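Student: Position one of the sequence shown corresponds to residue 0 (numbering that gives the first Met the number 0), numbered consecutively onward.
Below is a structure I'd like to ask you about.
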Amino acid sequence: MATPLPHTPAADARISELPVVVIGAGPIGLAAAANLTRYSLPVLVLEAGQSVGAAMREWGHTRTFTPWTYIVDTAAHRLLASSGWTAPDSEIPPTGAEIVGQYLEPLAAALGDVVRTGARVVAVTREGMDKSRTVGRAERPFLVRVQAETGSVVELRARAVIDASGTWQGANPIGAAGVPAIGEGEAREAGFLVGPLPDVLGRDRDRFAARRTLVLGSGHSAANTLLSLARLADDVPGTGIVWATRSRDHSKLYGGGDADQLPARGDLGAQVRTLVESGRIEVVESFLASRLLVRGDTVTVRGETPGGEYDISGLHNVAAATGFRPDLSLLSEVQLDLDPALEAPRQLAPLIDPQFHSCGTVPPHGHQVLGQPDEGLYIAGMKSYGRAPTFLIATGNEQVRSIAAALAGDHEAADHVELELPETGIASVCGAESVGGASCQIAPDVQLSGAMA
Numbered sequence: 000m001a002t003p004l005p006h007t008p009a010a011d012a013r014i015s016e017l018p019v020v021v022i023g024a025g026p027i028g029l030a031a032a033a034n035l036t037r038y039s040l041p042v043l044v045l046e047a048g049q050s051v052g053a054a055m056r057e058w059g060h061t062r063t064f065t066p067w068t069y070i071v072d073t074a075a076h077r078l079l080a081s082s083g084w085t086a087p088d089s090e091i092p093p094t095g096a097e098i099v100g101q102y103l104e105p106l107a108a109a110l111g112d113v114v115r116t117g118a119r120v121v122a123v124t125r126e127g128m129d130k131s132r133t134v135g136r137a138e139r140p141f142l143v144r145v146q147a148e149t150g151s152v153v154e155l156r157a158r159a160v161i162d163a164s165g166t167w168q169g170a171n172p173i174g175a176a177g178v179p180a181i182g183e184g185e186a187r188e189a190g191f192l193v194g195p196l197p198d199v200l201g202r203d204r205d206r207f208a209a210r211r212t213l214v215l216g217s218g219h220s221a222a223n224t225l226l227s228l229a230r231l232a233d234d235v236p237g238t239g240i241v242w243a244t245r246s247r248d249h250s251k252l253y254g255g256g257d258a259d260q261l262p263a264r265g266d267l268g269a270q271v272r273t274l275v276e277s278g279r280i281e282v283v284e285s286f287l288a289s290r291l292l293v294r295g296d297t298v299t300v301r302g303e304t305p306g307g308e309y310d311i312s313g314l315h316n317v318a319a320a321t322g323f324r325p326d327l328s329l330l331s332e333v334q335l336d337l338d339p340a341l342e343a344p345r346q347l348a349p350l351i352d353p354q355f356h357s358c359g360t361v362p363p364h365g366h367q368v369l370g371q372p373d374e375g376l377y378i379a380g381m382k383s384y385g386r387a388p389t390f391l392i393a394t395g396n397e398q399v400r401s402i403a404a405a406l407a408g409d410h411e412a413a414d415h416v417e418l419e420l421p422e423t424g425i426a427s428v429c430g431a432e433s434v435g436g437a438s439c440q441i442a443p444d445v446q447l448s449g450a451m452a
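The following block contains the structure:
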């Protein structure tokens with residue numbers, strides 16, 4: 000049973016005595032709490048799901064390509080080690096479920112009752128002010144409206160807010176123009192659409208076995224689904240696989256192979272390449288989906304290609320690994336400065352634009368880039384990348400380390416940001432199309448909570 004939310008502090012409480020509210024109890028949200036705790040700052044972590052890492056559990060069957068050394072935050076490691084915890088030393092990258100069980104759950108236990116599950120943040124604002132009022136905003140505490148699992152609503156006052164809620168719940172539509180394709184809603188209601196990382200070999204096996212599935216997208220989430228479907232096809236004849244990408248060159252997903260500093264990431268692309276070259280996967284390039292047509296027990300996805308209109312017919316499933324976008328509705332009454340294209344903090348956007356950056360080429364960045372016009376408000380983790388798919392959890396750990404230092408007044412530590420990321424072995428692993436593609440870090444806030452927070 001979730002711990003009850005605290006009562007709203009008295010109105011005359013000093014802002015500096017109020018907690019920092021962290022939205023999302025995924026890897027980045029909990030790392031933020033660990034860093035704030037290191038500075039002895041009061042903190043409250045609010046997670047919409049019924050457990051920490053709730054979104055990550057949804058793709059828990061998927062193995063990431065990131066080894067533990069890039070996942071565990073330094074402050075979190077220090078806190079856990081004090082209770083006798085030992086970091087996993089396996090060279091095999093963990094699954095989402097392993098990250099939750101071996102890292103997030105122990106970390107939440109070490110943090111104690113500051114972590115509250117079943118607490119969905121529905122709005123953030125300034126006490127007594129809507130977003131149109133600017134004078135005196137910094138002298139007002141943040142007001143965080145929270146809906147508890149019982150349905151009751153409470154309001155909490157906070158000195159600062161770190162939104163690390165991820166983007167897992169904001170999957171992009173199939174339509175190539177950024178809006179749902181015509182008929183997409185009908186196809187969803189009829190049960191033809193599945194999420195970006197279905198459990199093909201486990202929970203969802205029956206819906207894919209001896210069925211024809213279209214995988215849309217050119218990121219690593221798409222690659223994982225393609226590989227799982229191929230393994231299923233080895234066991235169950237009649238399992239068909241179609242892969243459609245918006246890009247003219249699907250080979251971008253093959254990656255850097257042996258040159259990739261993350262062997263699992265390089266191997267992922269190499270396996271897909273082998274399947275394509277062997278003819279086991281049907282490939283449709285430069286495909287811009289525009290309409291879904293339900294026809295009895297199958298669905299047809301219609302789109303435009305350089306050769307004209309093209310139908311992919313006889314489908315029983317459509318797995319849309321088309322990327323994610325941030326839910327900004329809970330921040331509608333605070334003042335934001337976001338890039339109009341990526342919906343990421345304006346200063347961060349040019350550093351992460353997937354047209355120019357891959358997972359391993361994003362420079363380190365911290366509080367100065369992530370802070371918003373409303374002083375004390377930060378967007379971190381996968382959500383800070385907006386629609387860009389190039390997020391790695393190590394990047395988020397450095398983000399929240401810097402933010403915590405800034406809130407604690409440790410300006411030297413806050414301004415000094417360092418980050419060593421593994422190179423992909425190619426100039427760009429994601430490519431321009433991946434603004435609508437899947438995340439480079441399998442989870443979207445491996446972050447994914449709150450989601451791949």
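Ideal Cβ positions, reconstructed from N, Cα and C, are used throughout, including at glycine.
The structure displayed is predicted, hence computed values, not measured ones.
Does the Cβ-Cβ distance between Arg-119 and Gln-101 come in under 8 angstroms?
Tutor: By one-based count along the sequence shown, residue 119 stands at place 120. By one-based count along the sequence shown, residue 101 stands at place 102. The answer is no: Cβ separation not under 8 angstroms.
Student: Just the Cα atoms here: how many angstroms apart are Asp-414 and Gly-395?
Tutor: Translated into positions along the sequence shown, residue 414 becomes position 415. Translated into positions along the sequence shown, residue 395 becomes position 396. Cα-Cα distance, rounded: 15 angstroms.
Student: Since Glu-303 is in the beta strand (DSSP E), which residue starts that stretch and which ends it?
Tutor: For the purposes of this step, residue 303 is taken as residue 304 along the sequence shown, with counting starting at 1. Its beta strand (DSSP E) spans residues 297-304.
Student: Distance, Cα to Cα, Ile-351 vs Gly-295?
Tutor: Within the sequence shown, residue 351 is the residue found at index 352, counting from 1. Within the sequence shown, residue 295 is the residue found at index 296, counting from 1. In a straight line, the C-alpha of Ile-351 is about 43 angstroms away from that of Gly-295.
Student: Using DSSP bridges, identify the partner residues of Pro-344.
Tutor: Residue 344 sits at position 345 when you count from the first residue of the sequence shown. DSSP output for Pro-344 lists Leu-337 as bridge partner(s).
Student: Just checking Gly-111 against the ligand SAH - is the residue's beta carbon closer than 7 angstroms to any of the ligand's heavy atoms?
Tutor: Absence of the ligand SAH from the depicted structure is noted, as is the absence of any ligand whatsoever, leaving it without description.
Student: What would DSSP say about Leu-292, mapped onto helix, strand or coil?
Tutor: Residue numbering aside, residue 292 sits at position 293 when the sequence shown is read from its first letter. DSSP places Leu-292 in strand when its eight states are reduced to three.
Student: Rounding to the nearest angstrom, what Cα-Cα distance links Val-317 and Thr-85 in this structure?
Tutor: Here residue 317 refers to the residue found at position 318 when the sequence shown is read from its first residue. Here residue 85 refers to the residue found at position 86 when the sequence shown is read from its first residue. Taking the straight line from one Cα to the other gives about 41 angstroms.
Student: With a threshold of 6 angstroms on Cβ separation, who are the neighbours of Ile-14 within its own chain once the five nearest residues in sequence on each side are excluded?
Tutor: Translated into positions along the sequence shown, residue 14 becomes position 15. Once the five neighbours on either side are set aside, the close Cβ partners of Ile-14 are Pro-140 and Arg-158.
Student: Report the three-state DSSP secondary structure of Phe-64 (helix, strand or coil).
Tutor: Translated into the one-based positions of the sequence shown, residue 64 becomes position 65. Reduced to three states, the DSSP call for Phe-64 is coil.
Student: Which runs of the alpha helix (DSSP H) fall wholly inside the region 26-64 and span at least 4 residues, in chain order?
Tutor: 26-37 and 53-57, all fully within the region 26-64.
Student: Relative to the C-alpha of Val-333, which candidate in Arg-290, Gly-182, Glu-126 and Ala-170 has its C-alpha closest?
Tutor: Your numbering for residue 333 matches position 334 in the sequence shown. The option with the nearest alpha carbon to Val-333 is Glu-126.
Student: Buried or exposed: where does Thr-423 fall if 16 or more other Cβ atoms within 10 Å of its Cβ makes it buried?
Tutor: Taking the sequence shown and counting its residues from 1, one reaches residue 423 at position 424. Only weak support exists for where Thr-423 lies, its pLDDT of 46 falling under 50; the coordinates are left without a value.
Student: Nearest-angstrom Cα distance between Gly-380 and Asp-373?
Tutor: For the purposes of this step, residue 380 is taken as the residue at position 381 of the sequence shown. For the purposes of this step, residue 373 is taken as the residue at position 374 of the sequence shown. Using only the alpha carbons, I get a separation of about 18 angstroms.
Student: Do Leu-231 and Thr-224 have their beta-carbon atoms positioned less than 8 angstroms apart in this structure?
Tutor: Working through the sequence shown from its first residue, we reach residue 224 at position 225. Working through the sequence shown from its first residue, we reach residue 231 at position 232. Not in contact: Thr-224 and Leu-231 (Cβ atoms no closer than 8 angstroms).
Student: Is Phe-141 helix, strand or coil by DSSP?
Tutor: Sequence index remark: in the sequence shown, residue 141 carries index 142 (1-based). Strand at Phe-141.
Student: Please determine if the region 173-180 and the region 59-67 are in contact, where contact requires at least 3 C-beta pairs separated by less than 8 angstroms.
Tutor: Contact between the region 173-180 and the region 59-67 is absent, because fewer than three Cβ pairs lie under 8 angstroms.
Student: CB-CB under 7 angstroms to Pro-197, same chain, minus the five flanking residues each way: which ones, in chain order?
Tutor: For the purposes of this step, residue 197 is identified with residue 198 of the sequence shown, where counting begins at 1. So the list reads Asp-203, Thr-224 and Ala-318, once near-sequence residues are dropped.
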